[in-house]
Structure formats: structure tokens, C-alpha cells
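Report on one structure; see the data block that follows.
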Amino acid sequence: MPEKDKTYRIFISAAEPSGDAHCADLITTLKQSTYNIEFVGVGGPKMAEAGCQLLETIVGKAAMIYKAFTHILRYYKLIRRITRFLKSTKVDLVIVCDSPAFNFHVAKAAKKAGIKTLFYVAPQLWAWAGWRIRKLRKCCDKLCCILPFEQKWFSEKGIDVTFVGNPLLDELDTNLGRYRKKYTDFEPKNVKIAFMPGSRAAEIDLLWRPMQQIAVRIKRKYPNVAFTAVAVDDQRKEILKTRRVLGFRCEYVVGSVSDIAAAADFAVVASGSATLQVAAVGCPMVIMYQSSRILWHLIGRWLLKTKYLSLVNILAKRELVPEFMPYFSSIEPIVQAIEQLLEDRGRLIRISRELTQLAEPLGRAKASEKVAQIVSQMLD
Numbered sequence: 000m001p002e003k004d005k006t007y008r009i010f011i012s013a014a015e016p017s018g019d020a021h022c023a024d025l026i027t028t029l030k031q032s033t034y035n036i037e038f039v040g041v042g043g044p045k046m047a048e049a050g051c052q053l054l055e056t057i058v059g060k061a062a063m064i065y066k067a068f069t070h071i072l073r074y075y076k077l078i079r080r081i082t083r084f085l086k087s088t089k090v091d092l093v094i095v096c097d098s099p100a101f102n103f104h105v106a107k108a109a110k111k112a113g114i115k116t117l118f119y120v121a122p123q124l125w126a127w128a129g130w131r132i133r134k135l136r137k138c139c140d141k142l143c144c145i146l147p148f149e150q151k152w153f154s155e156k157g158i159d160v161t162f163v164g165n166p167l168l169d170e171l172d173t174n175l176g177r178y179r180k181k182y183t184d185f186e187p188k189n190v191k192i193a194f195m196p197g198s199r200a201a202e203i204d205l206l207w208r209p210m211q212q213i214a215v216r217i218k219r220k221y222p223n224v225a226f227t228a229v230a231v232d233d234q235r236k237e238i239l240k241t242r243r244v245l246g247f248r249c250e251y252v253v254g255s256v257s258d259i260a261a262a263a264d265f266a267v268v269a270s271g272s273a274t275l276q277v278a279a280v281g282c283p284m285v286i287m288y289q290s291s292r293i294l295w296h297l298i299g300r301w302l303l304k305t306k307y308l309s310l311v312n313i314l315a316k317r318e319l320v321p322e323f324m325p326y327f328s329s330i331e332p333i334v335q336a337i338e339q340l341l342e343d344r345g346r347l348i349r350i351s352r353e354l355t356q357l358a359e360p361l362g363r364a365k366a367s368e369k370v371a372q373i374v375s376q377m378l379d
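Residue numbers are given in numbering that gives the first Met the number 0: position 347 of the sequence shown equals residue 346, and the series is strictly consecutive.
Dropping the structure here:
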């Protein structure tokens, strides 16, 4: 066990809002231990609030795919700064959370400095870029994965890996069946729909306008429909409000994805981790994602190794919910899919039940507590 009279220093790196939240929860959990730990790193406001000294705030500035090229110089300078810090400062452990395009560089710098490194949230090498497994083996001392099938996949590739549960579901009751929707007296004309355009600026840029256009179309058929738009923070909320499409009205909420989805009848969700939170509370959905049409046809569709692209359908091993990935232009197929689901109460009930069953293995453990135990072992 770590020495109780010693102060340990942990460097933590997170580049996106979800990683910022996961690491903040982990910091809070570790602070409840009997050991003295200092936290320093790069991340976002939640990590800072939890007690991490940030070298730089980078959460909220992450870019997606082709837009990332404009940020290369900035991140190159940051990696150099982190490298100098790890070489010149006594650090007992480095934790990198998600964002492999950035965090592989942080882990490489830690390895060169002779510091143990823990990956919290496995890079999705099973979906694409599997050749990077060699890079992961070189710079990862311990991997904490959050999807059940990942433990076997990475273990077979020679990685020391443990499934820790999904931190997004830590706040929920472990009996997810209680969230299933019964749709008693449900009528499509009174449907409550939640829109979740994502937390990244690039996601909002690409998905928020078509989501609103979908809403306008649905309202033509169901005049009493109620819409809620979910934002990760007040800044994103203001962005959503100022980019309104003519004829679209909704309630804007900063809050828990799970809480909003639990109160809704249906959701339209940007592909990503939020889909698992929506699934955990049994809310039927359609999933959207946008990309550069040129890059998708030239590169993307050849790199991907999975039949389905959304996490929900990957876990289900079939199209449990409609996915439009990537979505390029026409909203017509998405509108049709939503209307067909809303008109089929029996199918909504089945999907709600199967979504909670799918998510149950992810929520049985409290991820931050399991990762904290692993961190304690690594500090020994």
C-alpha cells in the first residue's frame, strides 16, 4: 500500500468534457482516501473544481476530424510543455483519460520520463486503427476499460486491462429496469422529445441545425410535441439558443443527460457516450453523426472495422436503434424513422426494455471507485 506519511503527485490529462467529468469524480474519490495526493494536469473546469492544478485548460477546445488540423500547432506546443514538466517534476503516476489522439503523446512523454501510466477509458482500437495496439503496449502500464467486451479484446493483445464499469452510469440505480418506459396512455401527438447535439463545439456546428429542422418537420405532424435541448454547460446553452432555425422552439436545459432522457419519450442524440446514458434509462432514440463527405468516402469507411458505428448498436450487435452515421444532407430518412417509431407503441416498449438490459452490465460497478483502487495499487 502507498505510504501514509508521503505526498504523492498524480498528473491527469483530459481533453473533452466527458473526460473532465470522469477525472473530477476520480479525484474526488481519491481525496477521500487516507493518502496525501496532489493533482496536476491539463483538463477542464470540473477537474479544477475537484482540486487539480491545471497547467492549461483545454477541455472545450477539442476539435473533430478534419477541423483538428487547425489545432495541431497549439497542441504540439502543449505536448512539449507537458514533456518538460514530466521531466523536471517528481510525478508518481500519469493518468490519461480518453482522447487518444492527444493522450498517446502524453503517455509517450510519461514513458520517456520513467513514469507509470494508466489509461482511463480504452481507445477504440477494436473499431479502427488496430495497428496502434503496439503503441498502446509501449506506453500503457494499466488500462481501465468501460465497455465489457473490451477486456477480452485488449487482454488478448497483451494489455494489462480491467473492466471498471461505465462512469457515466455511476449516478444511476444499479437496477436499471426501474427506468423502463411503459408508455401507458402514450399518444404520438403529445410526445416529449429530447435533443442532444453533443458537448463539442464541432458537434454542435454540424448537428444542431439539422436537429432543429427535424423538429420543425415533426411538429407539422404532431402540433403538441414538446422539445427539450440538452447542453453540457451554460456556454453551450447560449450557443444553442443563438443558432435557432426559423419556426423552432424548445426548452433549453443544462443538466444530466440521464435525467432529461428519463423524462422524455424519445431522444435524438449525437453519436458518442451520451447514447449509453440515454440507453440506461430506457429512452428510445435515433443516433446522428456528421463528417466530411470526402474524407468519409476516401478514408473513414475503409478504416472502420465494425458493422455498426454507434456504441448502442455495437453492444447490441444489431441495429437496436436507427443510426444515421454519417449523416450528410437529407433529414428525410431520419424524420421517417422517428415517425415510424412514434406510431408503434409496442416497438417503443420493446426498445426501452432492451436498452436497459443492454446497459445493465455497464452500471453494476462504480467506475470511479474501482479506478481509485487500481490507482492505489499502482502507487505502491
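Glycine is no exception: its CB is placed at the ideal position from the N, C-alpha and C atoms.
For residue i: DSSP bridge partner residues
i: Ser12; result: Val41, Val95
i: Glu250; result: Thr227
i: Ala201; result: Note: Ala201 sits in no beta bridge, so no partner.
i: Cys51; result: Phe38
i: Val277; result: Paired residues: none, contrary to the question.
i: Met287; result: Ala269, Phe323
i: Thr56; result: Gly42
i: Tyr307; result: In DSSP, Tyr307 forms no bridge with anything.
i: Arg221; result: For the record, residue 221 in the displayed sequence is Tyr; it is not Arg. Answer is none; Tyr221 lacks a bridge partner.
i: Asn33; result: Per the sequence shown, the amino acid found at residue 33 is Thr instead of Asn. Answer is none; Thr33 lacks a bridge partner.
i: Thr6; result: Asn35
Burial state of residue i, where buried means 16 or more other Cβ atoms lie within 10 Å
i: Tyr65; result: In this predicted model, Tyr65 has a pLDDT of only 41, less than 50, meaning its place in the structure is not dependable enough to derive any value.
i: Trp130; result: exposed
i: Val163; result: buried
i: Pro122; result: buried
i: Gly271; result: buried
i: Pro222; result: exposed
i: Lys45; result: buried
i: Trp301; result: Residue confidence for Trp301 is low, a pLDDT of 40 falling below 50, so the modelled location carries little weight; the figure read from the coordinates is stated next. Trp301 comes out exposed.
i: Asp233; result: exposed
i: Gly254; result: exposed
i: Asp24; result: buried
i: Arg80; result: exposed
i: Tyr75; result: exposed
i: Asp379; result: exposed
i: Pro16; result: buried
i: Arg73; result: exposed
i: Asn189; result: exposed
i: Asn102; result: buried
Residues near residue i by beta carbon distance below 6 Å, same chain, minus five either side
i: Lys191; result: Ala225, Ala263, Asp264
i: Ala13; result: Asp19, Cys22, Gly42, Cys96
i: His296; result: Because the pLDDT at His296 is just 47, under 50, the model does not fix this residue reliably, and the point stays unresolved.
i: Ala371; result: Thr28, Leu29
i: Tyr182; result: Arg344, Leu347, Ile348
i: Gln52; result: Val39
i: Leu168; result: Ala279, Leu361, Gly362
Chain-order list of residues whose beta-carbon lies under 7 Å from that of residue i (same chain, five-residue window excluded)
i: Cys139; result: Ala106, Thr116, Phe118, Ile158
i: Ile298; result: At Ile298, the pLDDT of 47 sits below 50, so the modelled position is not reliable; the number obtained from the coordinates is stated separately. Nothing meets the Cβ criterion.
i: Asn165; result: Ile145, Leu275, Leu361, Gly362, Ala366
i: Lys369; result: Val163, Gly164
i: Gly113; result: none
i: Ala336; result: Val285, Pro321
i: Tyr251; result: Ala228, Ala230, Lys236, Leu239, Lys240
i: Gly176; result: Thr355
Neighbourhood of residue i by C-beta distance below 8 Å, restricted to the same chain and skipping five residues each side
i: Glu331; result: none
i: Arg243; result: Gln211
i: Ala269; result: Met195, Pro196, Gly197, Glu202, Leu206, Ile286, Met287, Tyr288
i: Thr161; result: Lys141, Leu142, Cys143, Cys144, Gln150, Lys369, Ile373
Cα-Cα separation, residue i to residue j
i: Thr305; j: Ala260; result: 27 Å
i: Arg235; j: Arg346; result: 33 Å
i: Lys180; j: Glu186; result: 14 Å
i: Ile245; j: Phe38; result: The displayed chain sequence assigns Leu, not Ile, to residue 245. Their Cα atoms are separated by approximately 47 Å.
i: Val374; j: Lys141; result: 9 Å
i: Lys5; j: Ile71; result: 38 Å
i: Glu353; j: Ala214; result: 26 Å
i: Ser367; j: Gln276; result: 16 Å
i: Val231; j: Ser351; result: 24 Å
i: Ala315; j: Leu357; result: 7 Å
i: Gln339; j: Trp127; result: 32 Å
i: Lys86; j: Met284; result: 47 Å
i: Arg83; j: Pro99; result: 20 Å
i: Glu170; j: Cys249; result: 26 Å
i: Val311; j: Arg344; result: 21 Å
i: Leu54; j: Ala108; result: 15 Å
i: Glu149; j: Ile348; result: 29 Å
i: Cys143; j: Val120; result: 6 Å
i: Gly50; j: Ser329; result: 46 Å
i: Phe10; j: Leu92; result: 6 Å
i: Asp204; j: Gln376; result: 42 Å
i: Glu359; j: Ile36; result: 33 Å
Cβ-heavy atom distance, residue i to the ligand ATP, below 8 Å
i: Glu48; result: No copy of the ligand ATP appears in this structure; indeed no ligand is present at all.
Which whole runs of the alpha helix (DSSP H) in the segment 133-217 are 4 residues long or more, in chain order?
-> 147-155
Counting only runs of 3+ residues fully inside the segment 74-131, write out the beta strand (DSSP E) ranges in chain order.
-> 92-96, 116-119
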